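Every position in the sequence shown, counted from 1, becomes a number in this note's numbering once 20 is added. Notes to accompany the following structure.
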Amino acid sequence: MKERGLPSVNSKTDTESPPRLLLTKHHPQSILILVPLDTHQLPDKPKTLYNASSPLDASTSLSNKKMGSQVSEKVKLLVAVLALQVCYAGFHIVSRTALNMGISKIVFPVYRNIIALALLAPFAYFLEKKDRPPLTLSFLFQLFLLALCGITANQGFYLLGLYYLSPTYASAIQNSVPAITFAMAAALGLEQINIKCRYGVAKVVGTVASIGGATVITLYKGPPLLDGKLLLVSSANTILNWTLGCVYILGNCIAWSGWMVLQVPVLKKYPARLSVTTITCFFGLIQFLIIAAFAEKDIERWKVHSGGELLTILYAGLVASGISFSLQIWCIDRGGPLFVAVFQPVQTVVVAIMATAILGDELYLGGIIGSILIVLGLYFVLWGKSEEKAAQVVEDKDLRRHLLDQETSYKEIGAVSGIP
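If you want it as structure tokens, here you go:
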């Protein structure tokens, strides 16, 4: 913008030049900025007003860009964690569909772990090649026990429970895993119980509520509330044995919780998480093959007889063990394990909708009451863990400040007394 009555000039930068005024015309909050002018070229000419952006405009623009980036990151994280829960919800439906088709409860996890191992092994080998510590015989034995708990018992109990129960209640009972994990960790001394603090009370109440909800589902079926009349696939998906199915799913939750508790000392010794998962998956596959050698000798049970069976196996291996695992690592890395766990009940809701519409599942009063108790317990435990973590951060800051104050006072005393 050219000021009336003043000629425009081409200026050079000169450190000894007096400042000139620049004026922006693009924003109503324009301010005058002092800029050096080359007076050797223009000794007798007045200064020219030029356009410049306000520092306030620049900081506002930077702040808006940063805020937009943060919002975009939060949206990505939210979409990813919701997609993760939908993938796991689909696995419940796919697994039940596979059982309805007649796939063996032993052959199915064997194929699933073969696909998962083929996916994980290359990434574990190349990504953690430099960070992977050497393996010892005793540590391999620990990983074998970890696989026995986290792969064989976990997946085996789940499929047995799903066979007798339904995907909706299997998913609902699995919401008790954080509470059971806390109870196990407390029993082993890995978690502290402080009932004098509200977060300690919340964790205890949440654990009791979750276990109580699982007990209600197991012991009280109640009358049906909603019949599965929105069938998309004709399927006689009846609950074969309510109590036995719940007991098996509880076994699945206990094995799952034990797996997470046992991972803590293992990962301290061997921080290559992807390699630990791959080796655990390998040992789990070996264990399932040993069981299959005694329990599934019919060669016909190992054959894939239809495209539907192949689709369920591929979903279990690629999506449930491949894509979901990658998504979970990304979500935990960006939002933390607590953030991911908070969305666990979303999976139950999606499973209930899909199971009612596709499989024709019925919803029962006992299952609804127990599910509500489990979800409430879940959030009590998660809130307690969050508050405990925040309190620990404050306590660490106070301790650090106290130590720094002590160090400063000692230095001052030494300076006064002449002690170095």
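We treat Cβ as the ideally placed atom computed from N, Cα and C, and that holds for glycine. All values reported here derive from a predicted model rather than from experimental measurement.
If you follow the alpha helix (DSSP H) that residue i is part of, which residue opens it and which one closes it?
i      : result
Lys289 : Trp262 to Lys289
Gly232 : Arg218 to Leu239
Phe302 : Arg293 to Ala315
Cys169 : Note, Cys169: premise wrong, no alpha helix (DSSP H); not H, not E.
Val339 : Segment: none, Val339 is in no alpha helix (DSSP H) and carries neither H nor E.
Phe191 : Inspection of the sequence shows that residue 191 is occupied by Ser rather than by Phe. Run containing Ser191: Pro187 to Gln194, per the alpha helix (DSSP H) assignment.
Ile259 : Premise fails: Ile259 is in no alpha helix (DSSP H) and is neither H nor E.
Ile200 : Val197 to Ala207
Ala377 : Note, Ala377: premise wrong, no alpha helix (DSSP H); not H, not E.
Phe363 : No alpha helix (DSSP H) holds Phe363; DSSP gives it neither H nor E.
Arg132 : Val127 to Leu147
Which residues in the same chain as residue i place their Cβ atom closer than 8 Å to its Cβ, once the five residues preceding and following it in sequence are excluded?
i      : result
Leu365 : This sequence places Pro at residue 365; Leu is not what is there. Within the same chain, Pro365 has close Cβ partners Asn195, Val395 and Leu398.
Arg116 : Leu182, Ser186, Pro187, Asn257, Ala375 and Leu379
Lys323 : none
Please return the same chain residues whose Cβ sits closer than 6 Å to the Cβ of residue i, not counting the five positions on each side in sequence.
i      : result
Ala173 : Ala275
Val114 : Thr332 and Tyr335
Leu119 : Tyr183
Leu260 : Tyr184
Ile389 : Val236
Val339 : Cys107
Tyr131 : Ile333
Leaving out five residues on either side along the sequence, give the residues of the same chain with a beta carbon under 7 Å from the beta carbon of residue i.
i      : result
Cys301 : Asn133, Ala136, Leu137, Leu140 and Ile171
Gln162 : Val286
Leu252 : The pLDDT assigned to Leu252 is 44, lower than 50, so where the model puts this residue is not dependable; a value taken from the coordinates is nonetheless given after this. Excluding sequence neighbours, Leu252 sits near Ala377 and Ile378.
Measure the C-alpha to C-alpha separation of residue i and residue j and round it to an integer number of angstroms.
i      : j      : result
Thr201 : Cys169 : 13 Å
Val296 : Tyr290 : 8 Å
Gly248 : Met374 : Below a pLDDT of 50, predicted positions are generally treated as unreliable, and Gly248, at 48, falls in that range; the measurement from the model is reported next regardless. Spanning the two alpha carbons is a distance of roughly 10 Å.
Gly278 : Leu270 : 12 Å
Val224 : Lys125 : 36 Å
Tyr189 : Ser391 : 8 Å
Ala203 : Thr227 : 7 Å
Ser254 : Phe363 : Per-residue confidence for Ser254 stands at a pLDDT of 45, beneath the threshold of 50, marking its modelled position as unreliable; the derived number appears in the next sentence. Near 31 Å, if we compare the C-alpha coordinates of Phe363 and Ser254.
Pro129 : His112 : 13 Å
Ile378 : Thr368 : 15 Å
Asp381 : Gly122 : 18 Å
Tyr268 : Leu180 : 6 Å
Lys216 : Pro153 : 42 Å
Leu41  : Ile349 : Note that Leu41 scores 42 on pLDDT, short of 50, meaning its location in the model is unreliable and no value can be drawn from it.
Leu165 : Ala292 : 18 Å
Leu208 : Ile193 : 23 Å
Ala100 : Thr263 : 35 Å
Lys288 : Gly232 : 33 Å
Gly386 : Gly176 : 25 Å
Ser341 : Arg218 : 37 Å
Leu98  : Phe345 : 16 Å
Pro357 : Glu320 : 42 Å
Lys417 : Ala206 : 26 Å
Met280 : Ser326 : 36 Å
Gly220 : Glu148 : 38 Å
Ala199 : Ile306 : 30 Å
Gln212 : Leu282 : 17 Å
On the criterion of 16 or more Cβ atoms from any shown chain inside 10 Å, does residue i qualify as buried, or is it exposed?
i      : result
Phe146 : exposed
Val360 : buried
Ser92  : exposed
Glu408 : buried
Ala313 : exposed
Glu329 : buried
Gly230 : The residue asked about is misnamed: residue 230 is Ser in this sequence, not Gly. It is buried - the Cβ of Ser230 has at least 16 other Cβ atoms within 10 Å.
Asp318 : exposed
Ile310 : exposed
Asp353 : exposed
Asp151 : exposed
Asn272 : buried
Ser158 : exposed
Gly337 : buried
Pro243 : exposed
Leu160 : exposed
Pro66  : With a pLDDT of 48 at Pro66, under the threshold of 50, the predicted position of this residue should be treated as unreliable, though the coordinate-derived value follows. That one is exposed.
Ala8   : Because the chain spans 21 through 440 in this model, residue 8 falls outside it and cannot be assessed.
Val401 : buried
Leu239 : exposed
Leu20  : In the structure displayed, the chain extends from 21 to 440; residue 20 sits before or after that span and is not available.
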